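Q: Okay, handing you the structure first.
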Amino acid sequence: LASLPFTLSHLGALKTLRADKNKLTEFGFNIGRLTNLTQLRLGYNSIKEVPETIGKAMALRELGLECNRLEALPPAIGTLKLDLLKLDQNPIKRPPREVIVRGRDSIFLFLRRLQYSVMTWDLDLSHFGLKQVPFPDLKHAAAWEVNTWCRVKHLSLQNNKLVSLPVEIELMSNLTILDLQSNKLVTLPPSIAAITSLQVLDAASNHVQALPGQMKDNVQLKELLLE
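So that you can map any letter, position 163 of the sequence shown is 266 in the numbering used here, and since no number is skipped, the others follow by simple counting.
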């Protein structure tokens, strides 16, 4: 089976859908309209993306997506009350591996914080043991991923294991507060100067040796903490 028909979206009474071990590359239907669905098994396919509308399938209790090609999970999954979540053997990058290996509770916490940021523009990714900032890959990421990050005004990354920040952080043009406390940073990227809205930069308890000269463009910066 190469695809599932969109007409499945009209089966409002559907409770179980199993289509494991086929050749699916996408959902193909609007899962958000299946409000009575409790079990969805789409493992062992080639699905690359989970639609955001999955968050509207509030009755869902079992979600099997093992052995696909997923690189990112939508924050909406974090709002579901799942008893079973299978994600094994996917090349998932977001949430990052540091989160995935901690298990379901950590995955859900990460996704709920992303979902919260959609509503508040406040993204708290502290205490996850992150080695890299999980900024989406601009070439392959879905639009919702990039938009979620670019809308953020307050980003907290404290108490992780970051040694550097991605150049793409310059795309966070709405950022006013950046909390980098207690990481392993030795420098800040010149691209941080592009965030002209930045007002607070807290890089305390790191190992920062020098600041980029380009930071002269951060003219709204009111607090710079480096102790």
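From the three backbone atoms N, C-alpha and C, an ideal C-beta is built for every residue, glycine too.
Values in this document were obtained by computation on a predicted structure and should not be read as measured data.
1) So for residue 153, helix, strand or coil by DSSP?
2) List the residues that DSSP assigns as beta-bridge partners of residue 259.
3) What does the Cβ neighbour count give for residue 241, buried or exposed, with the cut at 16 atoms within 10 Å?
4) Residue 115 to residue 131, Cα distance in whole Å?
5) Our contact map puts residue 138 next to residue 164 with C-beta atoms below 8 angstroms; I'd like the distance itself, whole angstroms only.
6) Take every Cβ of the segment 151–162, pair it with every Cβ of the segment 198–206, and state whether three or more of those distances are shorter than 8 angstroms.
7) According to the Cβ coordinates, are residue 171 and residue 150 closer than 7 angstroms?
8) How many whole angstroms separate the CB atoms of residue 315 and residue 296, which I take to be in contact at a CB cut-off of 8 angstroms?
9) Based on the DSSP secondary-structure assignment, which residues constitute the bridge partners of residue 303?
10) Quick check on residue 282: buried or exposed, where buried means 16 or more other Cβ atoms within 10 Å of its Cβ?
11) In the DSSP assignment, what are the bridge partners of residue 165?
12) Give the range of the alpha helix (DSSP H) segment to which residue 110 is assigned.
13) Please report the distance separating the alpha-carbon of residue 179 from that of residue 300.
14) Output the boundary residues of the beta strand (DSSP E) element that contains residue 136.
15) Quick check: the Cα distance between residue 231 and residue 285, rounded to an integer number of angstroms?
16) Among the residues of its own chain, which have a CB less than 8 angstroms from the CB of residue 255, if the five just before and after it don't count?
17) Along the chain, where does the alpha helix (DSSP H) that runs through residue 251 open and close?
A: Looking at the coordinates:
1) As a first step, residue 153 must be located in the sequence shown, where it is residue number 50. Coil, per DSSP.
2) In the sequence shown, the residue the question calls residue 259 occupies position 156. Looking at the DSSP assignment, residue 259 forms a beta bridge with 227, 282.
3) Numbered from 1 along the sequence shown, position 138 holds the residue referred to as residue 241. When all chains shown are included, residue 241 counts as exposed.
4) For this step, residue 115 is matched to residue 12 along the sequence shown. For this step, residue 131 is matched to residue 28 along the sequence shown. Each residue's alpha carbon lies about 16 angstroms from the other.
5) Residue numbering aside, residue 138 sits at position 35 when the sequence shown is read from its first letter. Residue numbering aside, residue 164 sits at position 61 when the sequence shown is read from its first letter. 13 angstroms between Cβ atoms; not a contact.
6) Under the 8 angstroms Cβ criterion, the segment 151–162 does not count as touching the segment 198–206, having fewer than three qualifying pairs.
7) Walking along the sequence shown from the start, residue 171 turns up at place 68. Walking along the sequence shown from the start, residue 150 turns up at place 47. Their beta carbons are under 7 angstroms apart, which means residue 171 touches residue 150 by this criterion.
8) Stepping through the sequence shown from its first residue, residue 315 is reached at position 212. Stepping through the sequence shown from its first residue, residue 296 is reached at position 193. Yes, they are in contact, since the Cβ atoms of residue 315 and residue 296 sit about 7 angstroms apart, within 8 angstroms.
9) Residue 303 sits at position 200 when you count from the first residue of the sequence shown. 280, 326.
10) What you label residue 282 is simply residue 179 of the sequence shown in a count that begins at 1. Of the residues assessed, residue 282 falls on the buried side of the cut-off, its CB having 16 or more other CB atoms within 10 angstroms.
11) Your numbering for residue 165 matches position 62 in the sequence shown. Looking at the DSSP assignment, residue 165 forms a beta bridge with 142, 187.
12) Mapped onto the sequence shown, residue 110 falls at position 7. Note, residue 110: premise wrong, no alpha helix (DSSP H); not H, not E.
13) The count along the sequence shown starts at 1 and reaches residue 179 at position 76. The count along the sequence shown starts at 1 and reaches residue 300 at position 197. Approximately 28 angstroms, taken between the alpha carbons.
14) Position 33 of the sequence shown holds residue 136. Segment: none, residue 136 is in no beta strand (DSSP E) and carries neither H nor E.
15) Within the sequence shown, the letter at position 128 stands for residue 231. Within the sequence shown, the letter at position 182 stands for residue 285. The alpha-carbon atoms of residue 231 and residue 285 are separated by roughly 12 angstroms.
16) Sequence index remark: in the sequence shown, residue 255 carries index 152 (1-based). A distance below 8 angstroms between beta-carbons, with the five flanking residues on each side excluded, links residue 255 to the following residues of its chain, in chain order: 220, 224, 225, 226, 275, 277, 278.
17) Stepping through the sequence shown from its first residue, residue 251 is reached at position 148. In this chain, the alpha helix (DSSP H) harbouring residue 251 covers 246–253.
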